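Colleague: Using this note's numbering, read the sequence shown as starting at 23 and increasing by one per residue.
A virtual CB, placed ideally from N, CA and C, is assigned to each residue, including glycine.
This structure is a prediction, so every number in the text was calculated from the model and none was measured.
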Amino acid sequence: MESTAPILVTKGLCKRFGSVEAVRNVDWQIYPGKVMALVGDNGAGKSTLIKLITGAYMPDAGEILIRGENARIKSPTDSLRLGIAPVYQDLALVESRDVMMNMFLGTERTHGPFNMFLNKKGMRTRAHEVLSEIHSRIADPNVPVSQLSGGQRQVVAVGRALVRGGDIIILDEPTAALGVEQTQEVLQLIETLRSNGKTVIFISHNLSQVMDLADWISVMFHGEMIATRPRSELTRSEVVSLIMGAEVDAMTMA
Ligand SMILES: Nc1ncnc2c1ncn2[C@@H]1O[C@H](COP(=O)(O)OP(=O)(O)O)[C@@H](O)[C@H]1O
Ligand SMILES: [Mg+2]
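#1: What residue does the alpha helix (DSSP H) around residue 98 start on, and which one ends it?
#2: Pull the bridge partners of residue 48 from the DSSP assignment, please.
#3: Could you spell out the range, first to last residue, of the beta strand (DSSP E) harbouring residue 41?
#4: Spatial neighbours of residue 186 within its chain, please: CB distance less than 7 angstroms, with the 5 preceding and 5 following residues excluded, ordered by chain position.
#5: For the segment 103-191, which segments carrying the beta strand (DSSP E) assignment without a break, of at least 3 residues, lie completely within its bounds, in sequence order?
#6: Keeping to the same chain, check which residues put their C-beta closer than 6 angstroms to that of residue 93; ignore five residues upstream and five downstream.
#7: Assign residue 89 to one of three DSSP states: helix, strand, or coil.
#8: Considering only DSSP beta bridges, list what residue 223 is partnered with.
#9: By Cβ distance below 6 angstroms, which residues in the same chain neighbour residue 236 in space, the five residues on each side in sequence not counted?
#10: How would you write the range of the beta strand (DSSP E) that residue 233 sits in, first residue to last?
#11: Distance check for residue 157 and residue 243, CA to CA, integer angstroms please.
#12: Terminal residues of the continuous alpha helix (DSSP H) containing residue 29?
#13: Anyone know if the C-beta pair for residue 167 and residue 211 falls short of 9 angstroms?
#14: Which of helix, strand or coil does DSSP assign to residue 216?
#15: Cα separation between residue 276 and residue 255?
#16: So which of 260, 113, 76 has the shortest CA-CA distance to residue 229?
#17: Per DSSP, what are the beta-bridge partners of residue 241 in this structure?
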């Protein structure tokens, strides 16, 4: 078992849409500095659970504790203030703007009377710092996003999460639309985030990636969190069985 205290805990989280119980009584623990893979079939409730944690939805019941404190997350701004930074599937990048402005989108630095002027120098310096922390190959923060590959776009979106002070970074299917080489770039990025001490929640359908990268694997089935186990205690076929709804107790986990 993990000896460090979890950085994020959910207790009895519930979210219903009409007659659908999308998230049912979910108790979950996320450990700091780890890659937590969240898996489950389509409709299992993964995205809804993430949206409860990021404040996009309010739970019908249950609570979220961050660093041991009850977090009253009522909006994405609240969760960001607590260091939770989602990277959305569509990345939400502005094609025509450069890497730097995309990283600072919504949190632009300004100076001068009435904060009239963009502090481009300050933003460029910080963008450089963040890009080098994550070993990005983007040499120039002033290049437009439209010129970047899919993998580099992920880097920019993660860079934005870091600029915003994120230390729990949530990636929802980050490699779904990428080719082999760009996928490698993103998996490398997740490893770099971990070695920089960040906590990464990684939603993926690709079990090879999950088995290679995760420290912990959490499985949802029909809205319930049915297992959260160290990667080392699970085989790939056990993960497949859990995704299909196998009872944890019925499985032989020596
Ligand atoms: N905004 C919504 N309105 C109505 N039903 C929803 C909404 N979001 C998700 N659901 C339903 O909740 C269940 C869980 O969905 P979701 O969290 O998206 O699963 P996953 O991300 O694991 O595929 C599904 O049955 C889905 O149809
Ligand atoms: Mg989803």
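Modeller: According to the structure shown:
#1: 98-103
#2: 35
#3: Taken as a continuous stretch (DSSP letters only), residue 41 belongs to no beta strand (DSSP E), as it is neither H nor E.
#4: 102, 107, 129
#5: 106-109
#6: 86, 104
#7: coil
#8: 58, 192
#9: 57, 59, 253
#10: Premise fails: residue 233 lies in the alpha helix (DSSP H), 229-235, not in any beta strand (DSSP E).
#11: 36 angstroms
#12: Residue 29 -> no alpha helix (DSSP H), and no H or E assigned at all.
#13: no
#14: helix
#15: Low local confidence applies: a pLDDT of 44 at residue 276 is under 50, so the model's placement there is unreliable, with the coordinate-based value given in what follows. If you take the alpha carbons of residue 276 and residue 255, they lie about 8 angstroms apart.
#16: 260
#17: 61, 249
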